[in-house]
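Chemist: The structure's right below; bear with me while I get my questions together.
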Ligand code: RB5
């Protein structure tokens, strides 16, 4: 399984540790974030990871900034992306099972490395359940695809 990982300057160390952790488990992890502590604007790597996921170049994405908020907001602007920022493994697991998230995000200033590892484990091991959830995913996609038309109508 191939993953892309991105981060800003706040999350360099956590990104490195998560990348190594996943590589030891056999995942291929493509790093598109910064490896420097110089200021780095999170939308840059949020967009890069989102683009790779949306284009099918990778099977999923991991994003880390200070809180996980800015970087996940950036990724969610890309059509087809369902990025979830979370601080607990339960939300990570359910976000895959019910919401079919294709990117998981978290904050290096919010959680510790062991919780981050648990989050990625739960998220990667969970499977989308489909069924009734698909109706809602389709509704999200419809908002994405038609909002510009609806705004023009109003
Ligand atoms: C950077 O200072 C910080 O704003 C960023 O890492 C992130 O927390 C934004 O959501």
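In this note's numbering, the protein residues as written are 2 to 155. Quick reminder that beta carbons are idealized off the backbone N, C-alpha and C, glycines included. Here the structure is a predicted model, which is why all the values come from computation and not from measurement.
Excluding the five sequence neighbours on either side, which residues of its own chain have a C-beta within less than 6 Å of the C-beta of residue 59, listed in chain order?
Modeler: The residues are 3, 4, 5, 53.
Chemist: For residue 30, which residues from the same chain have a beta carbon less than 7 Å from its beta carbon, with the 5 sequence-adjacent residues on both sides left out?
Modeler: Answer for residue 30: 4, 6, 20, 23, 24, listed in chain order.
Chemist: When you measure from the CB of residue 104 to every non-hydrogen atom of the ligand RB5, does any distance come out below 8 Å?
Modeler: Residue 104 Cβ: outside cutoff for every heavy atom of the ligand RB5.
Chemist: Are the CB atoms of residue 57 and residue 76 nearer to each other than 9 Å?
Modeler: Not closer than 9 Å, so no.
Chemist: For residue 26, report the span of its alpha helix (DSSP H) as first-last.
Modeler: It is not in any alpha helix (DSSP H) - residue 26 carries neither H nor E in the DSSP assignment.
Chemist: Closest to residue 127 by CA distance: which of 141, 115, 103 is it?
Modeler: Residue 127 has its Cα closest to that of 103, out of 141, 115, 103.
Chemist: Are the stretch 80-91 and the stretch 111-118 touching by the rule of at least three beta carbon pairs closer than 8 Å?
Modeler: Touching, per the Cβ criterion.
Chemist: Compute the Euclidean distance between the alpha carbons of residue 66 and residue 8, then round it to the nearest angstrom.
Modeler: Approximately 5 Å between the Cα atoms of the pair.
Chemist: Among the candidates 129, 107, 120, whose CA atom is the shortest distance from the CA of residue 12?
Modeler: Checked all of 129, 107, 120; the closest Cα to residue 12 is 107.
Chemist: Check residue 136 in the structure and name its three-state DSSP category.
Modeler: Helix.
Chemist: Among 141, 47, 28, whose alpha-carbon lies nearest the alpha-carbon of residue 105?
Modeler: Nearest option by C-alpha distance: 47.
Chemist: Only counting the same chain, and skipping five residues up and downstream in sequence, which positions put a Cβ closer than 7 Å to that of residue 39?
Modeler: Within the same chain, residue 39 has close Cβ partners 10.
Chemist: So is the beta-carbon of residue 68 under 8 Å away from any non-hydrogen atom of the ligand RB5?
Modeler: Residue 68 Cβ: within cutoff of the ligand RB5.
Chemist: In terms of residues, what are the limits of the beta strand (DSSP E) holding residue 12?
Modeler: That residue, residue 12, is in no beta strand (DSSP E); it is neither H nor E in DSSP.
Chemist: Which partner residues of residue 107 appear in the DSSP bridge assignment?
Modeler: Answer is 65.
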